[in-house]
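A.B. asks:
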Amino acid sequence: MRTSTLTVTLTALAAFLALGTGAHAYDGGPVADGGTISGTVVFDGAAPAPEKIAVTKDKPVCGEEKVSPALAVGADGGIANVVVRLTNISKGKPLEVPASNPVFDQKGCEYTPHVLLFPAGTTIDILNSDGILHNVHTTSEANTSFNQAQPKFKKKLQKTIEKPEMGIKVVCDAHGWMSAWWISQDHPYYALTDAKGAFSMGDVPAGDYDIEFWHETLGKHMDKVSVTAGGTATLTVKMAKK
Ligand SMILES: [Cu+2]
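Numbered by my numbering, the letters in the sequence shown go through residues 21 to 262 in order.
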């Protein structure tokens, strides 16, 4: 009697703990006859002029002026650097850490790329292509934040981001205009819009999905998309200033 009560209690406790940690294992494997989700994210309204920032330090390397990378709207209204991801997928192609590390470079006192997407567990090669001191300062919640100086002789740092996290902000305390975002994923169905606002993700199992669009200054937009076997679902999404 006492043993079975304990067993029931422990089972309930285990279920409670699993809920409490938000554990939702993603199940990766072969996808047969998957579909594609592609589309464009466009700015709703007249495209704002790119914001310019006067350089106050290290001008021989950084230049006189920088264009803010925060909101880049192309000629046809397409918005670059929008993170697109499915939010309710639990099964599909495997999530694999890239065979070669993604590169995050500091060149001309700018980060390239401005938004970097990668699977959780990825090691990032952080380069300093400038002959001056930068520091890499991240603000994380799920992962460990770090703030590391990268002098001109330290051409490469490596950091592994172990856990999924949407939106790790990266800044340089020496150059206030430098900023970037790292997005660490818990499944492989994500994409980043290009300079024309276009994105595409493939091998999506047929089904109905919630799809999220996130931009650092425009916020979040949620939508729904239905994928058929071997088909292509096309979305056009508008995002506006909040
Ligand atoms: Cu810097």
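The beta-carbon is built from N, C-alpha and C at its ideal position, and this holds for glycine as well.
Note that the structure is predicted; figures quoted are calculated from it, not measured.
Do you know whose CA, among Ser246, Leu153 and Ser88, lies nearest Pro225's CA?
C.D. replies: In the sequence shown, residue 225 corresponds to position 205, counting from 1. Nearest of Ser246, Leu153 and Ser88 to Pro225, Cα basis: Ser246.
A.B. asks: How far does the beta strand (DSSP E) with Lys117 in it extend, from its first residue to its last?
C.D. replies: Mapped onto the sequence shown, residue 117 falls at position 97. Strictly speaking, residue 117 in this sequence is Val, with Lys absent from that position. Val117 -> no beta strand (DSSP E), and no H or E assigned at all.
A.B. asks: Return helix, strand or coil for Val81, following the three-state DSSP convention.
C.D. replies: For this step, residue 81 is matched to residue 61 along the sequence shown. It is helical.
A.B. asks: Shorter than 7 Å, the distance from the beta carbon of His195 to the closest heavy atom of ligand 1, or not?
C.D. replies: Translated into the one-based positions of the sequence shown, residue 195 becomes position 175. For ligand 1, at least one heavy atom lies less than 7 Å from the Cβ of His195.
A.B. asks: Kindly list the residues whose CB is nearer than 7 Å to the CB of Leu160, restricted to its own chain and excluding five residues on each side of it in sequence; keep chain order.
C.D. replies: Taking the first residue of the sequence shown as position 1, residue 160 is located at position 140. Correcting the residue type first, residue 160 is Ser in the shown sequence and not Leu. Within the same chain, Ser160 has close Cβ partners Glu185 and Ile188.
A.B. asks: Which two residues bound the contiguous beta strand (DSSP E) that contains Tyr229?
C.D. replies: By one-based count along the sequence shown, residue 229 stands at place 209. According to the DSSP assignment, Tyr229 belongs to the beta strand (DSSP E) that extends over Gly227 to His235.
A.B. asks: Using only the heavy atoms of ligand 1, determine whether one of them is closer than 7 Å to the beta carbon of Gln168.
C.D. replies: Counting from 1 along the sequence shown, the entry for residue 168 is found at position 148. Because no heavy atom of ligand 1 lies under 7 Å away, the Cβ of Gln168 does not count as near it: no.
A.B. asks: Should the stretch 94-110 be called in touch with the stretch 124-137, which here means at least 3 C-beta pairs below 8 Å?
C.D. replies: yes
A.B. asks: Taking C-beta to C-beta, are Ala194 and His154 nearer than 8 Å?
C.D. replies: As a first step, residue 194 is located in the sequence shown; it is residue number 174 there, counting from the start. As a first step, residue 154 is located in the sequence shown; it is residue number 134 there, counting from the start. Taking 8 Å as the Cβ cut-off, Ala194 and His154 qualify as a contacting pair.
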